Amino acid sequence: MKRMNLYIATGALAVSMLSSCTKDFLVKEPISDATPEKVSAEPLLKGAYQNMYDEYYTYDYVVNGDVQSDNAYAGGDNANIFAIDKFTMNASNANLKRDWRYLYADIKNCNIVLDAVANSVDKTITEERRQQILGEASFLRAWHYFNLIRTWKEVPIVDQVKSSLPDIFPSKSSTEAVYAFIIKDLEYSLERISDQRTNKAVASKGAVYALLAKVYAQKPNPDYAKVLEYCKEVEKLGYDLTPNFSTLFAPLAANNIESIWETTYDGKQNQNWMAGMNTPFMWGDWKKFNIPSHEIVKAFTAENDSVRGKASLVYVTPNWNDDYWTKPLPVIGKYTDADGRNTAYRLRYADILLLRAEALVELNQLDNSVNGAQYYINKVRTRAILNPTPARTQAELRLAVEKERQLELAFEGHRMFDLIRTKRAVTVMNAAKDGNGNNLNYGVTEDKLYWPISQDEIDTNPNINK
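FYI, UniProt numbering numbers position 112 of the sequence shown as 112, with every residue one higher than the one before it.
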């Protein structure tokens, strides 16, 4: 795979393609001695956004959130993904190294923008636009760190372009310190970024508010009052549910009223590989990855959720045999366009409505008024043509929110992180069964919920575990 990287050539900054796996993410030559007058801000920001098309965000982001959960099996024939699925990962797993390096390369490009543009005197942009660029880059960096910290638990904070040896071998920071850094980045972004965007592949104030809500929920000591506050701010910006759930996943369904922040694919320069990796509709009929589980199929069936079930699952009769299914077997229905034009939603309003419901449950505001958890659960269920939730007690509503998020957000990369956040991952995963009712025996313990750091990174950076 190739990925976008940035460099300075002959005194001007430009975008260049670079292999992602050649060096440690921190071992880089000094950027250059380019002067502030020679910095061109827009290409730098474009390079930072281009990282949303890398292998991590096009594919692994969903695999890590769903295959490691009870939503999907690994499928395919890759031993590294089998290990993620079965919680048998170790520090030699190639996917761990790959994703770590992708995310830190993405962070590096954000740091390049922030370092260069903060001191630039680029006369081709206004001061307002310069501040907007800084806000967007800060948001992107926070987003990448959010995905790092909820996967690895403790990671180094790299907040500027490094060039000296003491700086390029940082030690891990605590979970709390990384979340504090993310929040600081988002608060910085909030002061500079625009309220709304017609192009929702570009970060807006709605995306910042939405990510703040998710961060305050996911951190080790959740602050549900803050979660509720930021969910309300998202609502004020006019987002809503699309009337028809299935239209969210039609080809080129970008920039709709539900989308807060997305990655769009035109099927030409950029393709959503999910259709090729997970379904036979693109790239031929070879053994596919990320196969929906019996657990998720049973969940849709038990809820009589045909609207979301039909949009999320498609049954096929492929040429290959699956380890858990007889034919016909389900594949993911949200990414089936043969040209790879399905939108990937990074943040959408249904996620925030259900996060608001979760916050209200934890704050013990449970009723069906606009200030109660039931109201927001039912708002999402109504779109799916389902009856109101029968849950009434706090304990019942916790499980109702969990189930609603599973059905609404299946195969969008959320499920495992939801289970970790609510401290239900060990219980749910150890209860998972195959199609014959046999326990899958994952043997999950708390220490297996987060990934180990790649041995290659440990060998390269002697300080990382200090």
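Beta carbons: idealized from backbone N, C-alpha and C, even for Gly. Computed from a predicted model, the values in this text were never measured in an experiment.
Note to self: Let me confirm a value: Ile420 is counted as buried when at least 16 other C-beta atoms fall within 10 Å, else exposed. Which label applies?
What the structure shows: It counts as buried.
Item checked: Start-to-end residues for the beta strand (DSSP E) that takes in Ala74 -> That run of the beta strand (DSSP E) goes 72-75.
Notebook entry, point to check: Of all the options Cys110, Asp60, Asp99, which has the alpha carbon lying nearest to the alpha carbon of Tyr49?
Noted result: Cys110 is the residue among Cys110, Asp60, Asp99 whose C-alpha sits nearest the C-alpha of Tyr49.
Notebook entry, point to check: Taking buried to mean at least 16 other C-beta atoms within 10 Å of its own C-beta, is Asp185 buried or exposed?
Noted result: With 16 or more Cβ atoms within 10 Å of its Cβ, Asp185 is classed as buried.
Item checked: Residue environment, Asp33, which counts as buried when at least 16 other CB atoms sit within 10 Å -> Because Asp33 carries a pLDDT of 41, less than 50, the predicted location of this residue cannot be relied on, and the following value inherits that uncertainty. It is exposed - the Cβ of Asp33 has fewer than 16 other Cβ atoms within 10 Å.
Notebook entry, point to check: Which residues bound the alpha helix (DSSP H) around Asn290?
Noted result: From DSSP, Asn290 is part of no alpha helix (DSSP H) but of the beta strand (DSSP E) over 289-292.
Next item on the list: Flag this pair as touching only if the segment 377-396 and the segment 304-317 have three or more C-beta atom pairs under 8 Å; answer yes or no.
Entry: By the criterion of at least three beta-carbon pairs nearer than 8 Å, the segment 377-396 is in contact with the segment 304-317.
Notebook entry, point to check: Helix or strand or just coil, what does DSSP make of Ala344?
Noted result: Strand.
Next item on the list: Give the DSSP-derived three-state secondary structure of Pro330 in the structure shown.
Entry: Pro330 falls in the strand class under three-state DSSP.
Check: Taking Cβ positions, are Thr343 and Glu262 nearer each other than 7 Å?
Finding: In this structure, Thr343 places its C-beta atom within 7 Å of the C-beta atom of Glu262.
Checklist line | Residues near Glu179 by beta carbon distance below 6 Å, same chain, minus five either side | finding: Before going further, note that residue 179 is Tyr rather than Glu in the sequence given. Same-chain partners within the cutoff: Lys219.
Next item on the list: Report the three-state DSSP secondary structure of Ile112 (helix, strand or coil).
Entry: Taken through DSSP and simplified to helix, strand or coil, Ile112 comes out as helix.
Note to self: Can you tell me which residues form a DSSP beta bridge with Trp261?
What the structure shows: Beta bridge pairing from DSSP links Trp261 with Leu347.
Item checked: Opening and closing residue of the alpha helix (DSSP H) in which Leu228 lies -> Segment 224-236, the alpha helix (DSSP H) holding Leu228.
Item checked: Contacts around Asn80, its chain only, beta-carbon distance under 7 Å, and the 5 residues preceding and following it disregarded -> The residues are Asn93, Ala94, Asn95.
Next item on the list: Could you have a look at Ser92 and say whether DSSP puts it in helix, strand or coil?
Entry: In the structure shown, Ser92 sits in coil (DSSP, three-state: anything other than H, G, I, E or B).
Checklist line | Neighbour-count burial assignment, Tyr216, 16 or more Cβ in a 10 Å radius | finding: Burial of Tyr216 is indicated by the presence of at least 16 other C-beta atoms within 10 angstroms of its C-beta.
Notebook entry, point to check: From which residue to which residue does the beta strand (DSSP E) around Tyr315 run?
Noted result: Residues 313-316.
Notebook entry, point to check: Roughly how many angstroms lie between the CA atoms of Val370 and Glu128, to the nearest whole one?
Noted result: Our two residues, Val370 and Glu128, have alpha carbons roughly 37 Å apart in a direct line.
Item checked: Whole-Å CB distance - Tyr442 paired with Thr151, under 8 Å assumed -> 18 Å between Cβ atoms; not a contact.
Next item on the list: Helix, strand or coil for Val158, going by three-state DSSP, please let me know.
Entry: Val158: coil per DSSP, three-state reduction.
Next item on the list: Look up Pro43 in the DSSP assignment and say whether it is helix, strand or coil.
Entry: For Pro43, the three-state secondary structure derived from DSSP is helix.
Check: Among residues of its own chain, excluding the 5 on either side of Arg356, which ones have a beta-carbon nearer than 6 Å to its beta-carbon?
Finding: Only Cys231, Tyr376 meet the Cβ criterion.
Margin query: By DSSP's criteria, Lys433 is part of a beta bridge. Which residues make up the other side?
Written below: According to DSSP, which records beta bridges pairwise, Lys433 is partnered with Asn439.
Next item on the list: Verify whether the separation of the beta carbon atoms of Asn378 and Pro390 is less than 7 Å.
Entry: Taking 7 Å as the Cβ cut-off, Asn378 and Pro390 do not qualify as a contacting pair.
Notebook entry, point to check: Pick from Tyr102, Tyr73, Gln68: whose alpha carbon is nearest that of Met89?
Noted result: Here the closest residue by C-alpha is Gln68.
Margin query: Is it buried or exposed, Ile458, if we count other Cβ atoms within 10 angstroms and call 16 or more buried?
Written below: So Ile458 ends up on the exposed side.
Margin query: For Gly65, tell me which candidate among Phe417, Ala105, Lys108 has the shortest Cα-Cα distance.
Written below: Checked all of Phe417, Ala105, Lys108; the closest Cα to Gly65 is Phe417.
Check: Looking at C-alpha atoms only, which residue of Ala254, Ser120, Asn461, Arg98 is the closest neighbour of Arg341?
Finding: Its Cα nearest to that of Arg341, the residue Ala254 stands out among Ala254, Ser120, Asn461, Arg98.
Checklist line | Bounding residues of the alpha helix (DSSP H) (the contiguous stretch that carries Ser138) | finding: For Ser138, the uninterrupted alpha helix (DSSP H) run begins and ends at 127-152, by DSSP.
Note to self: Quick check: the Cα distance between Asn463 and Val63, rounded to an integer number of angstroms?
What the structure shows: C-alpha separation (whole angstroms): 30 Å.
Note to self: Starting from Pro459, trace the alpha helix (DSSP H) in both directions and tell me its first and last residue.
What the structure shows: In the sequence under discussion, the amino acid at residue 459 is Asp, which differs from the Pro named in the question. In the DSSP annotation of this structure, the continuous segment of the alpha helix (DSSP H) that includes Asp459 starts and ends at 455-460.
Item checked: Simplified DSSP state of Ser120, which is helix, strand or coil -> Of the three classes helix, strand and coil, the one that applies to Ser120 here is coil, per DSSP.
Note to self: Lys200 and Thr175 - do their beta-carbons sit closer together than 7 Å?
What the structure shows: No.
Check: In the DSSP assignment, what are the bridge partners of Ser173?
Finding: Under DSSP, the beta-bridge partners assigned to Ser173 are Val155.
Notebook entry, point to check: According to DSSP, which residues form a beta bridge with Pro251?
Noted result: Pro251 has Asn342 as its beta-bridge partners, per DSSP.
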